[in-house]
Amino acid sequence: MDSPDLTTASDCESASMPSPSLSSSGTSATVGAGADLECLRVSGLSVYYIPEFVTAEEEEYLLRKVDTAPKAKWRTLYGRRLQVWGGELTPSNALLAQPLPPWVTDHPDILARIGRTGIFDQTKQKVPNHVIVNEYLPGQGIFAHKDGPAYYPTVATLTLEGHAVMHYHAPLSSTPAYSLLLEPRSLVITTGELYKDYAHSIDAVERDDLGNVEVRNLNLLNADWRGRLERGETVERQKRVSLTCRVVQKTAKGLLPIHGGR
Ligand SMILES: O=C(O)CCC(=O)C(=O)O
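Numbering of the sequence shown is given in full-length UniProt numbering, commencing with residue 1 and proceeding in unit increments.
Right under this line is the structure:
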């Protein structure tokens, strides 16, 4: 199973503190080295789960920025809305790069924080150069899919406002092999085998029956969510906004294509 350039898992106790944010402001515990990230691996899987990756203030700010983006930035796809930042993909999967907005590069410096985990160290870019914002209303989800060949095979997904249950499906299987609970403000990093070989999906439901799902990141969740899972509660979906941050390794110069990549 591939993983980022992680070496020794030396300091797991501090890295698995409740607030392992990668904030450069120094307000919370830091996960900046590969060894720290290893402590946040979902046991046995090529997935890392970082709770409280952004603060509540940053979450509110990001949601406001997403909400107040120009109307033309929104696209509707299979019911949900999305925004694409960083540029469009050409038919040959190269990025016609466009500047990313300051609310992911500067404040909060989400992309730099993701870079500091080391997960994109093998790329020339080192930090994500492409961000898709997805908005899901209660009842909306995303069908099982793989992210396609345009991207370096790792994705970092930030969850804002509402939770989600993310499923991973083995090839040709509609039944989830693994599921994760994604708390608001968390970052999940999917890499290696789970990125390359497994599809991922979120059920299009109004509420999640937590009694009916085995969540693999239970030990990395806060006490509230652990309690809900242990009691098998049914939890109403809220609106959820996700930022999927990736690296497109191939870049192109020229005019925007008529048909964007996504
Ligand atoms: O919203 C999510 O967590 C998943 C989004 C996703 O799978 C995608 O944009 O391809």
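The C-beta atom is built at its ideal place from N, Cα and C for all residues, glycine as well.
Under DSSP, the beta-bridge partners assigned to TYR151 are VAL248. Going by C-alpha positions, GLU38 is about 8 angstroms away from TYR48. From the listed residues GLN122, VAL247 and LEU218, the smallest Cα separation to LEU181 is found for LEU218. Rounded to whole angstroms, TYR136 and VAL165 show a C-alpha spacing of 12 angstroms. A contact between stretches requires three or more CB pairs, one per stretch, nearer than 8 angstroms, and the stretch 52–65 meets this requirement with the stretch 102–115. Within its own chain, the residues whose Cβ lies closer than 8 angstroms to the Cβ of ARG81, once the five positions on either side in sequence are excluded, are TRP74, ARG75, ASN134 and GLU135, listed in chain order. In this structure, ligand 1 has no non-hydrogen atom nearer than 7 angstroms to the beta-carbon of SER174. In this structure, DSSP gives GLY87 an extended state, which the three-state scheme calls strand. Not a single heavy atom of ligand 1 lies less than 7 angstroms from the C-beta of ALA156. Annotated as distal: ILE114 and SER201, with beta-carbon spacing of 8 angstroms or more. Separation of the CB atoms of THR244 and VAL104 is rounded to 12 angstroms, and the pair is thereby denied contact status at 8 angstroms. Cβ contact annotation for VAL213 (same chain, cutoff 7 angstroms, sequence separation greater than five): VAL165 and SER179, in chain order.
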